[in-house]
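Trainee: Those letters in the sequence shown? Residues -18 to -1, 1 to 163, per mature numbering (1 follows the signal peptide of the UniProt record, and there is no 0), in order.
Just dropping this structure here.
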Amino acid sequence: MKKFLAMLSLALCGTANAGLLHFEGMITGYTDVVVTQFVVESDQVVSAWTDSFDSGANFDPITSLWTNDGTYITGNDDNSSISPSTQTYFDSGIQQFLTAGTYYFTISVFNNFPDSSVNLFANPSPFNGCDGCGYGGFYYSQWLDGVASARVITSNPVPEGSMLAIFALGLLSLARRRKSK
């Protein structure tokens, strides 16, 4: 029985992140760029957006999409139409048809736009580093839909899906243990 529960917990953690992923965290300043690597398993439309602007409580985000080798695909400032129920007027997002592969989604603070002719991994960075341009708080929240997996590689993310699955499994285990006594 213990082996079965262990296998079930692993299976639940793996499926908790299927499709829609959410990451949140804090940037340390207005020149920071949040870089998230994600994988698309089959050719499809992928949606990536922010919902952290919160009508001015946090910074005005700019989003950009990059290929695995760091080539700029597209960017957006102020597209709150991807998830209107959660986004406010300066939130940003991208919907793009992508072929299977690995990509990068970046979030920067307005007016820190990337130079689309510079590779994401170049030194110096493709972002102009507009210090002092931002306003609001440092909290970010990003969503990716249509991706197989993702990880934030420049910040301290909080992966909601797997954490909630582990928490729920723990509660179920406690309830079962209490019932058996």
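We treat Cβ as the ideally placed atom computed from N, Cα and C, and that holds for glycine.
Owing to the predicted nature of the structure, the values given are computational and were not obtained by experimental measurement.
Tell me whether Arg159 is buried or exposed, calling it buried when 16 or more other Cβ atoms sit within 10 Å of its Cβ.
Mentor: Exposed.
Trainee: Starting from the Cα of Asn40, find the closest Cα among Thr136, Ser90 and Gly57 and give me that residue.
Mentor: For Asn40, the nearest C-alpha among the options comes from Ser90.
Trainee: Count the other CB atoms within 10 Å of the CB of Gly128; is the residue buried (16 or more) or exposed (fewer)?
Mentor: Result: buried.
Trainee: Is the stretch 94 to 113 touching the stretch 44 to 58, taking contact as three or more C-beta pairs under 8 Å?
Mentor: They touch, by the three-pair rule.
Trainee: What residues in its chain sit with their C-beta under 6 Å from that of Leu80, if we drop five residues either side in the sequence?
Mentor: Val22 and Val28, listed in sequence order.
Trainee: Helix, strand or coil for Tyr86 per DSSP?
Mentor: DSSP places Tyr86 in strand when its eight states are reduced to three.
Trainee: Does the separation of the CB atoms of Asp60 and Phe35 fall below 7 Å?
Mentor: Cβ atoms of Asp60 and Phe35: not closer than 7 Å.
Trainee: Helix or strand or just coil, what does DSSP make of Ala104?
Mentor: Looking at Ala104 - three-state DSSP - the assignment turns out to be coil, as it is neither helix nor strand.
Trainee: Considering only residues of the same chain and omitting the five flanking positions on each side of Cys112, which have a CB-CB separation below 6 Å?
Mentor: Around Cys112: Asn93 and Asn94.
Trainee: Which partner residues does Gln69 have in the DSSP bridge list?
Mentor: DSSP output for Gln69 lists no bridge partner at all.
Trainee: What residues in its chain sit with their C-beta under 8 Å from that of Thr13, if we drop five residues either side in the sequence?
Mentor: Cβ neighbours of Thr13 beyond the five flanking positions: Val91, Asn94, Phe109, Gly111, Cys112 and Asp113.
Trainee: Taking the C-alpha atoms as reference points, what is the distance between Pro106 and Gly11?
Mentor: One C-alpha to the other measures close to 18 Å.
Trainee: Report the partner residues of Ala30 according to the DSSP bridge assignment.
Mentor: Looking at the DSSP assignment, Ala30 forms a beta bridge with Ile76 and Leu126.
Trainee: May I ask you to list the residues that DSSP assigns as paired with Asp59?
Mentor: Answer by DSSP bridge pairing, in chain order: Ile44.
Trainee: Expressed to the nearest angstrom, what Euclidean distance is found between the alpha-carbon atoms of Asp25 and Ala130?
Mentor: Spanning the two alpha carbons is a distance of roughly 12 Å.
Trainee: Would you check if the distance between the CB atom of Phe5 and the CB atom of Val134 is smaller than 7 Å?
Mentor: Yes, they are a contact pair.
Trainee: Which word fits Leu156, buried or exposed, when buried means at least 16 other C-beta atoms lie within 10 angstroms of its C-beta?
Mentor: Per the 10 Å Cβ criterion, exposed.
Trainee: Measure the C-alpha to C-alpha separation of Thr136 and Leu154 and round it to an integer number of angstroms.
Mentor: Approximately 34 Å, taken between the alpha carbons.
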